[in-house]
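Be aware that the sequence shown starts at 107, since it is given in the numbering used here, and climbs by one per residue. Backbone N, C-alpha and C define an ideal beta-carbon position, used for all residues, glycine too. Below is one structure, written out as structure tokens, with a few remarks after it.
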Amino acid sequence: MEAFEVTGGTRLSGEVSVSGAKNSVLKLMAASLLAPGTSTITAVPEILDVSVMAELLRRLGCDVTHDVVAASLTITVPETLHHQADYDLVRRMRASVCVLGPLISRCHRAEVAVPGGDAIGSRGLDLHIAGLNRLGVEVHNEHGYLMANAPGRLQGASIWLDFPSVGATENLLMASVLAKGTTVIDNAPREPEIADLCRMLVSMGAQIDGIGSATLEVTGVESMHPTTYQTVPDRIVAGTWAVAAVITGGDIMVRSARAGDLEIALDKLVTAGAHIEVGDHGFRVTMDRRPRAVDVVTLPYPGFPTDLQPQFIALNAVADGAAMVTENLFEARFRFVQELRRLGADVRTDGHHALVRGTPRLSGAPVEATDVRAGAGLVLAGLVAEGTTTVFDISHIDRGYAHFVRDLTGVGGQIARVDI
Ligand code: UD1
107 MEAFEVTGGT RLSGEVSVSG AKNSVLKLMA ASLLAPGTST ITAVPEILDV
157 SVMAELLRRL GCDVTHDVVA ASLTITVPET LHHQADYDLV RRMRASVCVL
207 GPLISRCHRA EVAVPGGDAI GSRGLDLHIA GLNRLGVEVH NEHGYLMANA
257 PGRLQGASIW LDFPSVGATE NLLMASVLAK GTTVIDNAPR EPEIADLCRM
307 LVSMGAQIDG IGSATLEVTG VESMHPTTYQ TVPDRIVAGT WAVAAVITGG
357 DIMVRSARAG DLEIALDKLV TAGAHIEVGD HGFRVTMDRR PRAVDVVTLP
407 YPGFPTDLQP QFIALNAVAD GAAMVTENLF EARFRFVQEL RRLGADVRTD
457 GHHALVRGTP RLSGAPVEAT DVRAGAGLVL AGLVAEGTTT VFDISHIDRG
507 YAHFVRDLTG VGGQIARVDI
């Protein structure tokens, strides 16, 4: 079993470069299914989830080549696709469910395993299904699979989402681009990754208005063509580096990152005492004191991202003062707090609130990464804990952070991947 051994106490300083966003590239890979021929995606992060999605596309009949040096993926999509996404892949990565939209679009039928429970919450699919129903797709659950069928070409419709679900919108976008007529998705999420998917679809010939807004209007086209497209930078990885600078009282230049996609999170860090300089191709975060505690409330974009919540709990755990952290998206996301307590953090949770009382010192201990972002939060806590923190279950961290150990070491962090 592999683990990260983190020795706390060093101030991080130097430069890091952020790759393409995990939460975008997986959907861009699925979008390539919409056009037979060869599409190329660039700025692809070298993470486990990309390998899982590549395997899924291969099983659907595609040829996929990942050039890790060029950080690009070449996906050759056949005229006729298989239409089944098996449980062994969907259970490894819930985002596999995003092939449902393109498969129903191209094949007029799809069988996708139901993902089941998840470390951060129950995560329903009701909004995906209700939206597909509006487009004329029949969906039922059989033997653990979502069986989706459409009599022919999908029919554009008006869809009002009860909640701005990222995953549901991605499936509905990819289902509607080849539908007959116009589809309007209202109360759509405004996450940068949604805009990224829309832009790739447009570069493949789709017609989408309102990109970046809460109302997306898709005018169906007869066919789409392959493309070459660059993934948006990973705002969550960039935000994790920003917290790493602040928590260690360091100085990190985060390159290839968009500060504009992280406004609330960076503003919180300024409230905590950091200095942030924004440039054209990144931002620099410096900190010269113990952070002040900052309240956080997670909300859909442009609200504070739930995927940075564990990192901010870690920050508050060593801050001066007390902070209330409210989680509004995933009910089980506070599970990792029990691990943080093992390092001596003073955190009490009640429903979707966590009260974090800052303590001047944490002390290293063995802990378990319960999900990808919790894992990042634990590594950050380990960087400021006295002694050694061993983080187990690091496959979760490998799902979303490329070269984490190399990059942390590059800015002076004491961390190693070890075999236990
Ligand atoms: C995506 C991101 C995840 C991020 C989240 C919110 C990927 C791979 N994951 O997850 O990192 O934290 O967006 O920005 O891109 N819901 C329903 N019914 C549905 C769909 C969703 O009740 O049909 C609920 C979920 O349980 C959750 C909330 O809506 O409570 C948000 O989910 P959603 O926006 O769909 O997130 P994901 O696409 O799963």
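If you draw a straight line from the Cα of H331 to the Cα of H234, it is about 25 Å long.
When the Cα atoms are used, E383 and M430 turn out to be separated by approximately 27 Å. Under the rule that a run must span 4 or more residues, the alpha helix (DSSP H) segments found entirely inside the region 275-337 read 298-309.
The DSSP-derived three-state label of H249 is coil.
Residue A438 holds the alpha-carbon nearest to the alpha-carbon of H459 among A475, R447, A451 and A438. For the 8 Å CB-CB criterion, V112 and I521 form a contact. When only Cα atoms are considered, R396 and A491 end up about 14 Å apart.
As computed with DSSP, P339 is found in a beta bridge with G126. Taking 8 Å as the cut-off, the beta carbon of G318 is found closer than this to the beta carbon of R296. CA-CA distance, L284 to V343, rounds to 33 Å. Under DSSP, R198 takes part in no beta bridge, so it has no partner.
In the structure shown, V349 falls within a helical segment according to DSSP collapsed to helix, strand and coil. Exclusion of the five residues before and after E161 leaves L195 as the residues of its chain whose Cβ lies within less than 7 Å of its Cβ. Your pair V349 and L421 checks out as a contact, with CB atoms roughly 5 Å apart and the cut at 8 Å. In the DSSP secondary-structure assignment, T495 is bridged to V112.
Going by DSSP, A371 is part of the alpha helix (DSSP H) stretching over E369 to T377. Distances taken from the Cβ of S264 to the heavy atoms of ligand 1 include none shorter than 7 Å. For H189, the secondary structure class from DSSP, reduced to helix, strand or coil, is coil.
A363 is not a Cβ neighbour of P416, given a cutoff of 8 Å. In this structure, the beta-carbon distance from I147 to L179 falls below 8 Å.
Between ligand 1 and T346, a heavy atom-to-CB distance of less than 7 Å is absent. Of the heavy atoms belonging to ligand 1, none sits nearer than 7 Å to the Cβ of F440. One Cα belongs to S329, the other to P184, and the distance between them is close to 14 Å. The residues A219 and G250, in chain order, have a CB closer than 7 Å to that of Y193 in the same chain once the five nearest residues on each side in sequence are set aside. C-alpha of F418 to C-alpha of G483: approximately 8 Å in a straight line. Of the heavy atoms belonging to ligand 1, at least one sits nearer than 7 Å to the Cβ of H234. Annotation for S271 indicates a beta carbon within 7 Å of some heavy atom of ligand 1. Ranked by Cα distance from M253, the first of V156, E244, L307 and L260 is E244. Closest option to P406, judged by alpha-carbon separation, among E323, L375 and T432: T432. Three or more Cβ pairs drawn from the region 398-405 and the region 362-382 lie within less than 8 Å of each other, which places the two stretches in contact.
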